[in-house]
Amino acid sequence: MSRHHAALPHTSEPTPQVAALRVVSPGGQAADLAAAEEAAAQFLRALGIRTDSESLRGTPGRMARAYAELFSPRSFDLTTFPNDEGYDELVLARNIPLRSVCEHHLLPFVGTAHIGYLPGRRILGLSKLARVLEHFACRPQVQERLTKQVADWLQNQLQPKGVGVVIQAEHTCMTLRGVQATGATTMTSTLLGLLRTDARSRSEFLTLTGLPG
Numbered sequence: 003m004s005r006h007h008a009a010l011p012h013t014s015e016p017t018p019q020v021a022a023l024r025v026v027s028p029g030g031q032a033a034d035l036a037a038a039e040e041a042a043a044q045f046l047r048a049l050g051i052r053t054d055s056e057s058l059r060g061t062p063g064r065m066a067r068a069y070a071e072l073f074s075p076r077s078f079d080l081t082t083f084p085n086d087e088g089y090d091e092l093v094l095a096r097n098i099p100l101r102s103v104c105e106h107h108l109l110p111f112v113g114t115a116h117i118g119y120l121p122g123r124r125i126l127g128l129s130k131l132a133r134v135l136e137h138f139a140c141r142p143q144v145q146e147r148l149t150k151q152v153a154d155w156l157q158n159q160l161q162p163k164g165v166g167v168v169i170q171a172e173h174t175c176m177t178l179r180g181v182q183a184t185g186a187t188t189m190t191s192t193l194l195g196l197l198r199t200d201a202r203s204r205s206e207f208l209t210l211t212g213l214p215g
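Residues 3 to 215, numbered by this note's numbering, are exactly what the sequence shown covers, in order.
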């Protein structure tokens, strides 16, 4: 028996071997690339940037397609498996690449996320941790909300004993404009369940993510 919990009790009902929830991109109006391209062209002209040269002629279209890509998460299946062995130690995916767009300036912020959980009755396909992050990152965001959305969603869908999410990112709205604090990064964290209330579990998670416990 590990230090967190006793092995999960067996039930007389058969346990499904694989369960998958289809996760689709957020609803909303479909992208109108032609309208976005024209708006981008007007935006550049309003800033005094001419787009009639050979090198800039295609820029409005590229801008439209780039932002459409940034705001279009891929649908995926949230695949889970029965935790038949009663595994109750930390599962942690570190250094998951992150890209999103600040909703205040529509400038990118990029970094990494560490996402972990203490399993309950089911365990998650590891690649799905990155998929969930992408699902919430591919829209105008603030880092604080993104961190909590990922943690809350995993807690609600997976029902583990605990969830932890730490994000470290560089915001170009802070490093390239305004204060121009080149190299500055922002860290946010959300801890739920035992990763919040149990001191040893919390310390283990924070230590493995490189934060002081």
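Where is the CB? At the ideal position from N, CA and C, for every residue including glycine. The model shown is predicted, which means the values in this text are computed figures rather than measured ones.
Put simply, the backbone Cα of Leu131 is about 13 Å away from that of Leu120.
Taking a cut-off of 8 Å for Cβ pairs, the segment 35 to 44 and the segment 56 to 69 touch, as three or more such pairs fall below it. When the beta-carbon positions are compared, Leu100 and Gly113 come within less than 8 Å of each other.
Sequence-distant Cβ neighbours of Val152 in its own chain, meaning closer than 7 Å and more than five residues away, are Ile117, Val134, Leu135, Phe138, Val167.
Pairing Ala38 with Ala68 gives a Cβ-Cβ distance that is not under 8 Å. Within the same chain, Cys104, Glu105, His106 come within 8 Å of Val144 by CB-CB distance, once the 5 residues on both sides are set aside. Taken in chain order, the complete alpha helix (DSSP H) segments of 4 or more residues contained in the segment 119 to 159 are 129 to 139. With a contact defined as Cβ atoms closer than 8 Å, Pro110 and Thr188 miss out at about 13 Å. By the criterion of a C-beta distance shorter than 6 Å, Leu196 is surrounded in its chain by Leu120, Lys163, Gly164, Ser203, once the five residues flanking it on both sides are discounted. Only residues of its own chain outside the window of five on either side were considered, and among them His116, Val168 have a CB closer than 6 Å to the CB of Thr211, listed in chain order. The DSSP-derived three-state label of Gly60 is coil. Excluding its 5 nearest sequence neighbours in each direction, Gln157 has C-beta neighbours in its own chain below 8 Å: Val165, Leu194, Gly195, listed in chain order.
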